[in-house]
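Numbering (the numbering used here), first residue to last: 2 to 336. Beta carbons: idealized from backbone N, C-alpha and C, even for Gly. This one's a predicted model, so the numbers in the text were calculated from it and none came from an experiment.
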């Protein structure tokens, strides 16, 4: 992949984007300009091996290793770009934006700031060890998703965001109050992208490679016969747990739409599992909708050359770009 999108104008700045979640770490460099759409280069995603148990200490060590690998990759790309005379300014990192998913990036809807987690400080130190002293902003991934998803999928109604990471799903209830969207409720579910994989391995007798292949086929509308029973069991359990939490949130705001945000193909699997479940009939007795955000929804807003666009990174770059002076946000996080 070419490091950049042709000759860059001098005006603009380059921001390091780091995405830290319980299934791995992604990173990229984003070239931002007040007059052009943002452009991504140097993207990488370090996936964690599937763990049999939820061991927080083991997970933390693996995440730190993945972060080191992702940062080393982007630092190398930046150095190469600085060595190119015509593009040198794009290799100078102006600042960094780090996005954390639960358990490290819990979303607060009370308006108060949370105490920084020791883990987030270790990640910030790793960023500075590769890029030197620079401004590092830290954001919860859920807050970012609540800001950017309405840009990609506009809606005049209230809706529920289902933000799925490796081991955790965040439910974020967005209330449309006319001038902006407001977080009216929040909950977490200890089931993420790895949940259907573990079910296929433990109950379907599949290898991890086979389980990932089946998940991809199911997300595209196919139903491999040898894995149907295990996949059906995973879908039912997910929908049941999701329905219980969503039902409690809907007591505050009667949303009729669920939007799933996750890496592909997991987002499609979650959306399809929910859409086919009887639980949705209880949540939406009249009518409702479930859909997944895809990378294709974000590509008109962010330039990216990769043949397999990384949805979380696309959303994060879009979020950072809206913070430029010309960016217009339509989201309010405080009550």
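CA nearest to the CA of residue i, picked from the options
| i | options | result |
| --- | --- | --- |
| residue 196 | 41, 55 and 321 | 55 |
| residue 276 | 265, 35 and 260 | 260 |
| residue 68 | 104, 23, 287 and 219 | 23 |
| residue 127 | 202, 314, 66 and 218 | 66 |
| residue 32 | 96, 180 and 206 | 96 |
| residue 76 | 228, 43 and 62 | 43 |
| residue 302 | 153, 237, 224 and 271 | 153 |
| residue 288 | 48, 160 and 155 | 160 |
| residue 141 | 191, 222, 118 and 230 | 118 |
| residue 64 | 167, 224 and 178 | 167 |
| residue 62 | 106, 123, 135 and 300 | 123 |
| residue 162 | 210, 234 and 189 | 189 |
| residue 106 | 143, 19, 130 and 134 | 143 |
Sheet register partners of residue i (DSSP bridge)
| i | result |
| --- | --- |
| residue 32 | 15 and 40 |
| residue 141 | 101 |
| residue 22 | 25 |
| residue 47 | 26 |
| residue 292 | 260 |
| residue 131 | Answer is none; residue 131 lacks a bridge partner. |
| residue 304 | 40 |
| residue 94 | 15 |
| residue 1 | A question about residue 1 goes unanswered here, because the residues of the chain that appear run from 2 up to 336. |
| residue 160 | 175 |
| residue 136 | 96 |
| residue 165 | 170 |
Through-space distance from residue j to residue i, alpha-carbon basis
| i | j | result |
| --- | --- | --- |
| residue 244 | residue 73 | 41 Å |
| residue 335 | residue 87 | The predicted position of residue 335 is uncertain, since its pLDDT is 33 and thus under 50; a value taken from the coordinates is nonetheless stated next. Going from the Cα of residue 335 to the Cα of residue 87 covers about 44 Å. |
| residue 50 | residue 29 | 21 Å |
| residue 187 | residue 170 | 11 Å |
| residue 113 | residue 321 | Because residue 113 sits at a pLDDT of 47, beneath the cut-off of 50, its placement in the model cannot be relied upon, and the following sentence gives the value as read from the coordinates. Approximately 22 Å, taken between the alpha carbons. |
| residue 82 | residue 93 | 9 Å |
| residue 267 | residue 294 | 11 Å |
| residue 104 | residue 164 | 13 Å |
| residue 306 | residue 239 | 34 Å |
| residue 255 | residue 91 | 46 Å |
| residue 14 | residue 98 | 13 Å |
| residue 41 | residue 313 | 12 Å |
| residue 26 | residue 208 | 23 Å |
| residue 316 | residue 46 | 15 Å |
| residue 274 | residue 89 | 47 Å |
| residue 212 | residue 291 | 24 Å |
| residue 226 | residue 269 | 19 Å |
| residue 17 | residue 137 | 9 Å |
| residue 257 | residue 184 | 15 Å |
| residue 157 | residue 281 | 21 Å |
| residue 216 | residue 198 | 7 Å |
| residue 284 | residue 252 | 10 Å |
| residue 84 | residue 78 | 10 Å |
| residue 248 | residue 176 | 15 Å |
| residue 35 | residue 242 | 43 Å |
| residue 80 | residue 318 | 21 Å |
| residue 1 | residue 309 | Because the chain spans 2 through 336 in this model, residue 1 falls outside it and cannot be assessed. |
| residue 148 | residue 121 | 22 Å |
| residue 37 | residue 125 | 29 Å |
| residue 12 | residue 132 | 21 Å |
| residue 218 | residue 203 | 19 Å |
| residue 180 | residue 58 | 43 Å |
| residue 236 | residue 297 | 25 Å |
| residue 224 | residue 178 | 41 Å |
| residue 21 | residue 286 | 37 Å |
| residue 233 | residue 311 | 27 Å |
| residue 200 | residue 192 | 11 Å |
| residue 134 | residue 231 | 49 Å |
| residue 100 | residue 129 | 16 Å |
| residue 19 | residue 139 | 10 Å |
| residue 52 | residue 300 | 32 Å |
| residue 210 | residue 265 | 16 Å |
| residue 271 | residue 324 | 31 Å |
Whole-angstrom C-beta distance between residue j and residue i, which should lie under 8 Å
| i | j | result |
| --- | --- | --- |
| residue 194 | residue 263 | 6 Å |
| residue 174 | residue 250 | 5 Å |
| residue 182 | residue 151 | 6 Å |
| residue 228 | residue 205 | 5 Å |
| residue 39 | residue 222 | Incorrect: roughly 32 Å between the Cβ atoms, too far for contact. |
C-beta neighbour in chain B for residue i, strict 8 Å
| i | result |
| --- | --- |
| residue 274 | In the structure shown, chain B cannot be found, because there is only a single protein chain. |
Check: residue i C-beta below 7 Å from any heavy atom of the ligand NAD
| i | result |
| --- | --- |
| residue 182 | With respect to small molecules bound, the structure shown includes none, and the ligand NAD cannot be examined in it. |
*Which ranges does the beta strand (DSSP E) cover as unbroken runs of at least 3 residues, wholly within the stretch 255-284, from first to last along the chain?*
With a minimum length of 3 residues, the continuous beta strand (DSSP E) runs that stay inside the stretch 255-284 are 258-262.
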